[in-house]
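Asker: What follows is a structure written as C-alpha cells; I'll ask about it next.
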Amino acid sequence: MTTIKQTLLAFAIAAACASAALAKAPAGEVAKLGVSGTELTPTGALRAGNADGSIPAWEGGITQAPAGFAPGKQQVDPYPDDKPTVEITAQNYKSYGNKLSAGQIAMFEKYPNWKMVVYPTRRSAAFPATIYEATIKNAATGELVSDGDGVGSVSQGFPFPILSTDAATAGAQAIWNHKLKFKGITLDHWYNQAMPTAGGQYTLVRIKEQTLSPYFRPGATIENINNILIYFYQEVTSPPRYAGQILLVHETLNAKTSPRQAWVYNPGQRRVRRAPQVAYDNPGTASDNLRTSDMLDMFNGALDRYDWKLVEKREMYVPYNSYKAHTAKIADLIKPGYINPDLLRYELHRIYVVEATLKPGMSHINPRRTFYLDEDSWQILLTDHYDTDGKLWRYSEAPSVTYYDLPTFWSTLETHHDLKNGRYIVGGLDNEDSGYNFSVQLSPDAFSPNSLRQRGIQ
Numbered sequence: 007m008t009t010i011k012q013t014l015l016a017f018a019i020a021a022a023c024a025s026a027a028l029a030k031a032p033a034g035e036v037a038k039l040g041v042s043g044t045e046l047t048p049t050g051a052l053r054a055g056n057a058d059g060s061i062p063a064w065e066g067g068i069t070q071a072p073a074g075f076a077p078g079k080q081q082v083d084p085y086p087d088d089k090p091t092v093e094i095t096a097q098n099y100k101s102y103g104n105k106l107s108a109g110q111i112a113m114f115e116k117y118p119n120w121k122m123v124v125y126p127t128r129r130s131a132a133f134p135a136t137i138y139e140a141t142i143k144n145a146a147t148g149e150l151v152s153d154g155d156g157v158g159s160v161s162q163g164f165p166f167p168i169l170s171t172d173a174a175t176a177g178a179q180a181i182w183n184h185k186l187k188f189k190g191i192t193l194d195h196w197y198n199q200a201m202p203t204a205g206g207q208y209t210l211v212r213i214k215e216q217t218l219s220p221y222f223r224p225g226a227t228i229e230n231i232n233n234i235l236i237y238f239y240q241e242v243t244s245p246p247r248y249a250g251q252i253l254l255v256h257e258t259l260n261a262k263t264s265p266r267q268a269w270v271y272n273p274g275q276r277r278v279r280r281a282p283q284v285a286y287d288n289p290g291t292a293s294d295n296l297r298t299s300d301m302l303d304m305f306n307g308a309l310d311r312y313d314w315k316l317v318e319k320r321e322m323y324v325p326y327n328s329y330k331a332h333t334a335k336i337a338d339l340i341k342p343g344y345i346n347p348d349l350l351r352y353e354l355h356r357i358y359v360v361e362a363t364l365k366p367g368m369s370h371i372n373p374r375r376t377f378y379l380d381e382d383s384w385q386i387l388l389t390d391h392y393d394t395d396g397k398l399w400r401y402s403e404a405p406s407v408t409y410y411d412l413p414t415f416w417s418t419l420e421t422h423h424d425l426k427n428g429r430y431i432v433g434g435l436d437n438e439d440s441g442y443n444f445s446v447q448l449s450p451d452a453f454s455p456n457s458l459r460q461r462g463i464q
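Okay, so the sequence shown: first residue is 7 according to the working numbering, each after it adds one.
Below, the structure written as C-alpha cells:
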C-alpha cells in the first residue's frame, strides 16, 4: 500500500509548510502546474499515466462536445464503442485488493448479484481555461483559515491544487477542493430522488433546484461576494405529502466567521422560518432518513466537526463517465437493493483517500468517514460511513460525467446504501427531464428570505 510519504514524494513537494493554517504552496511546486508540457495538470493531478498504461496520461480531458449534443440537453456518451475489460463480482472481488473501498467490498458481501463492470480508463475531466488560470494563481496564495473551517486569498478556481505535506492540512484542503469545484455560476435543474423498498418499489420525489455561485464570477473575491459561496434554492413539487416544501440556503466560504444560513417554507403554515437544523447529520430533504444533510453533493457544509487526514493516494475502481446511467429510463435504472449495475461504468483512476474522524466533544451519527476523491477533478466519487460502534453503516457513490456546457466533471447521480437495513436512496434522477440549464439568469434577490414566501404561494 502506498504510504502518505510516498504519495507526496511523487509530487516532489518540498518541506512541510511552517504553518498548517496557512499552507501556501512553494513557488517551485506552483511552477509544475499547467495546461500542457508540465509535470502536473492545472488542477494538480499527475499528468503522466501509470507504469503499465492502464491509466493513460491526461491530455486535456473532453474539450469539445460530441456530435449530437445541444446545450440544455442530456449529455451524450463520448465513448459509445468502449467494451468492458473485466467484471468484478462477489465471486472474484477478493482478487482486486486495495483497488476497492470498504463500501464496495461490503456491497459484494451483502448482494451476491451486485457487480462492477470495468471499462478502459478515460481521463475525461475538464474545466474552463479561466478556472485553470485561477487555480494556478490560487496555488501560490491560497490558505486555510479559522482552523480549516474557511479559505482565504482564493477566487474562482480550486483553492489547493498543491496539497500540503502535512497530512491533516492536506485532508482539509482536498475536501475544500471538492467544495469549490466549478459547477457553473448559475444552475436550474431537477434533482429527483427515489427511496426504493427492498422489493424495488418506489415513488419518485420531484425536486427543483436553483443555485447561484458568486465565487465563480470573474473578478470575485471573498470580500466582494460577502463570503457567500453559493445561494441554494430547493422546492419539492411531488408527491403531495412533500409538495410545496421549500429550502433556501446561503452557504459561506468561512463557516466560523459567518455560518451557513438556512430557511424553510412550510406550505401548511404558509410561513418562512429559520432552519439551523439543515446541516450536519440532520435528515436530508424527503430522504426517509437515508441520507444526512451533509451527504448532498457527497459532502457539503462546515468542516468543523471532524479532524481530516490525507491517508494516501492509490489506484481504485470508481464510477466514471457514467453516461448510460445519466440517460437511462428511471424504471430501468432502479432495482431492488441497488441501481442496475449493467448501466454503470467503473474505471481505474488515481484517488486521494481522506479520513474524517469526529473531534472530541463533537457529535455526528457517523464518527468516522472515508472520502475518495478523483485526482483530475477533486470530485468525491465514493464515501464509506461508519457508525458509533466503528462498523461500516452506509456506502455512497457518485457516478459522474462531463457537462459539456461549461465544461465541468460532476456527479449525475448520488446513491447512498444503508448496509444495515438493505435500503438505498438515489438522487439526481433528471434522466427524463430537460438537462442542466447553466445559462439561467438569477440574481441574489431571488434567494432572499423575503422572496421565499412569494415563491411558495405562486
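Virtual Cβ for every residue (Gly too), placed ideally from N, Cα, C.
Indicate the three-state DSSP secondary structure (helix, strand or coil) for LEU339 in the structure shown.
Answerer: DSSP places LEU339 in helix when its eight states are reduced to three.
Asker: How big is the Cα-Cα spacing for GLU215 and ALA285?
Answerer: The alpha-carbon atoms of GLU215 and ALA285 are separated by roughly 17 Å.
Asker: What does the alpha-carbon distance come out to for the pair GLN275 and SER454?
Answerer: Between GLN275 and SER454, the C-alpha separation is close to 19 Å.
Asker: Is DSSP giving GLU45 helix, strand or coil here?
Answerer: Reduced to three states, the DSSP call for GLU45 is coil.
Asker: Can you tell me whether GLU229 is buried or exposed? The criterion is at least 16 other CB atoms within 10 Å of its CB, across all chains shown.
Answerer: Looking at its Cβ environment, which holds fewer than 16 other Cβ atoms inside 10 Å, GLU229 is exposed.
Asker: Output yes or no for whether 8 Å exceeds the beta carbon distance between ALA131 and GLY67.
Answerer: The answer is yes: Cβ separation under 8 Å.
Asker: Pick helix, strand or coil for TYR410, following the three-state DSSP scheme.
Answerer: Coil at TYR410, not helix or strand.
Asker: Run through the DSSP bridge pairs and tell me what VAL242 is partnered with.
Answerer: Answer by DSSP bridge pairing, in chain order: ILE213.
Asker: Where PRO72 and VAL82 are concerned, what is the direct C-alpha to C-alpha distance, given to the nearest angstrom?
Answerer: If you take the alpha carbons of PRO72 and VAL82, they lie about 7 Å apart.
Asker: Am I right that LEU425 and LEU458 are in contact with their C-beta atoms under 8 Å? What's the rounded C-beta distance?
Answerer: No, LEU425 and LEU458 are not in contact; Cβ-Cβ is about 37 Å, not under 8 Å.
Asker: Tell me, to the nearest whole angstrom, how far the beta carbon of THR258 is from that of ARG247; I am working on the premise that it is less than 8 Å.
Answerer: Not a contact, Cβ separation roughly 32 Å.
Asker: Please report the straight-line C-alpha distance between TYR221 and ALA176, rounded to a whole angstrom.
Answerer: Cα to Cα, TYR221 sits roughly 22 Å from ALA176.
Asker: Name the DSSP beta bridge partners of TYR392, please?
Answerer: Looking at the DSSP assignment, TYR392 forms a beta bridge with ARG374 and LEU398.
Asker: Since PRO325 and LEU296 should fall inside the 8 Å C-beta cutoff, what is the C-beta to C-beta distance between them, to a whole number of angstroms?
Answerer: PRO325 to LEU296, Cβ: 19 Å. No contact.
Asker: Look up ILE345 in the DSSP assignment and give the residues it is bridged to.
Answerer: DSSP output for ILE345 lists ILE340 as bridge partner(s).
Asker: Could you tell me whether the Cβ atoms of VAL359 and TYR378 are closer together than 8 Å?
Answerer: Cβ distance < 8 Å, so VAL359 and TYR378 count as in contact.
Asker: Alpha carbon to alpha carbon, what distance is there between VAL317 and ILE19?
Answerer: Summary for ILE19: the model assigns pLDDT 30, below 50, so the residue's position carries little reliability, and this model does not support an answer.
Asker: Measuring only the C-alpha atoms, how far is GLN179 from LEU448?
Answerer: Spanning the two alpha carbons is a distance of roughly 30 Å.
Asker: From ALA404 to MET304, what does the alpha carbon distance come to, in whole angstroms?
Answerer: In a straight line, the C-alpha of ALA404 is about 7 Å away from that of MET304.
Asker: Alpha carbon to alpha carbon, how far is TYR312 from GLY148?
Answerer: Straight-line Cα distance between these residues: approximately 21 Å.
Asker: According to the Cβ coordinates, are ARG129 and PRO62 closer than 8 Å?
Answerer: Their beta carbons are under 8 Å apart, which means ARG129 touches PRO62 by this criterion.
Asker: Looking at C-alpha atoms only, which residue of GLN199, VAL41 and VAL211 is the closest neighbour of THR136?
Answerer: Here the closest residue by C-alpha is VAL41.
Asker: Note down the Cα distance separating LEU28 from THR389, rounded to an integer number of angstroms.
Answerer: Because the pLDDT at LEU28 is just 47, under 50, the model does not fix this residue reliably, and the point stays unresolved.
Asker: Please state whether the Cβ-Cβ distance between PRO413 and PHE133 is less than 8 Å.
Answerer: Cβ distance < 8 Å, so PRO413 and PHE133 count as in contact.
Asker: Since I believe ILE357 is in contact with GLU381 (beta carbons under 8 Å), could you give me their beta-carbon distance rounded to a whole number of angstroms?
Answerer: Indeed they touch by this definition, with Cβ atoms about 7 Å apart.
Asker: So, TRP384 versus LYS189, is the Cβ gap smaller than 8 Å?
Answerer: No. Outside cutoff.
Asker: Label ASN183 either buried or exposed according to how many other C-beta atoms from any shown protein chain fall within 10 Å of its C-beta, with 16 as the threshold for buried.
Answerer: Buried is the call here.
Asker: So which of PRO282, THR421, ILE94 and PRO118 has the shortest CA-CA distance to TYR352?
Answerer: The candidate whose alpha carbon is nearest that of TYR352 is ILE94.
Asker: Just list the beta strand (DSSP E) runs in the segment 174–204, keeping only unbroken ones of 3 residues or longer that don't cross its boundaries, in chain order.
Answerer: The qualifying runs are 192–196.
Asker: Run the CB neighbour count on ASP3, radius 10 Å, all protein chains shown included, and call it buried at 16 or more, exposed below.
Answerer: With the chain covering 7 to 464 only, the question about residue 3 has no answer from this structure.
Asker: Which of the three DSSP states, helix, strand or coil, is assigned to ALA334?
Answerer: Note: ALA334 maps to coil in three-state DSSP.
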